[in-house]
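Asker:
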Amino acid sequence: MFREGEVLAKMDTRVLQEQRLEAIAQIKEAQSAVAAAQALLEQRQSETRAAQSLVNQRQAELDSVAKRHMRSRSLAQRGAISAQQLDDDRAAAESARAALESAKAQVLLLKPL
22 MFREGEVLAK MDTRVLQEQR LEAIAQIKEA QSAVAAAQAL LEQRQSETRA AQSLVNQRQA
82 ELDSVAKRHM RSRSLAQRGA ISAQQLDDDR AAAESARAAL ESAKAQVLLL KPL
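Take 22 as the starting number for the sequence shown in our numbering and just add one per residue.
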């Protein structure tokens, strides 16, 4: 028979303790990976918002120079401005269009696959 308080068996818990500590370390590592991924996602979202803002800005610039170019064409037909001014306004419109396309391409690059 056994007496109260008598040791019946001894367990070696060192292996279990090591496994527990390893599991805790893996959890911490996974939590760090999640935090890093979240930070990267937030950075990417910020870059995307900035790129979209640039698209909006480039669109506004294009709208402005396109209107100026249309006015210049009308004025040039009546001889009210020089051919050089018309060429300058056309070049500005083409440049603004290219800048807009470049900004749009940047947004596409930032979109997830």
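Just so it is clear, CB atoms sit at the ideal spot from N, CA and C, and this is done for glycine as well. If you're wondering where the values come from, they're calculated on a predicted model, not measured in any experiment.
Checking 7 Å against the spacing of the C-beta atoms, do A124 and R89 come in under that value?
Answerer: no
Asker: Hey, could you find the ends of the alpha helix (DSSP H) A117 is sitting in?
Answerer: DSSP places A117 inside the alpha helix (DSSP H), whose first and last residues are A104 to L131.
Asker: Under three-state DSSP, which class holds L75?
Answerer: helix
Asker: Assign V55 to one of two classes, buried (16 or more other C-beta atoms within 10 Å of its C-beta) or exposed (fewer than that).
Answerer: exposed
Asker: For D84, is the classification buried or exposed, using 16 other Cβ atoms within 10 angstroms of its Cβ as the cut-off for buried?
Answerer: exposed
Asker: Would you mind sorting S116 into buried or exposed? The rule is 16 or more other CB atoms within 10 Å of its CB.
Answerer: exposed
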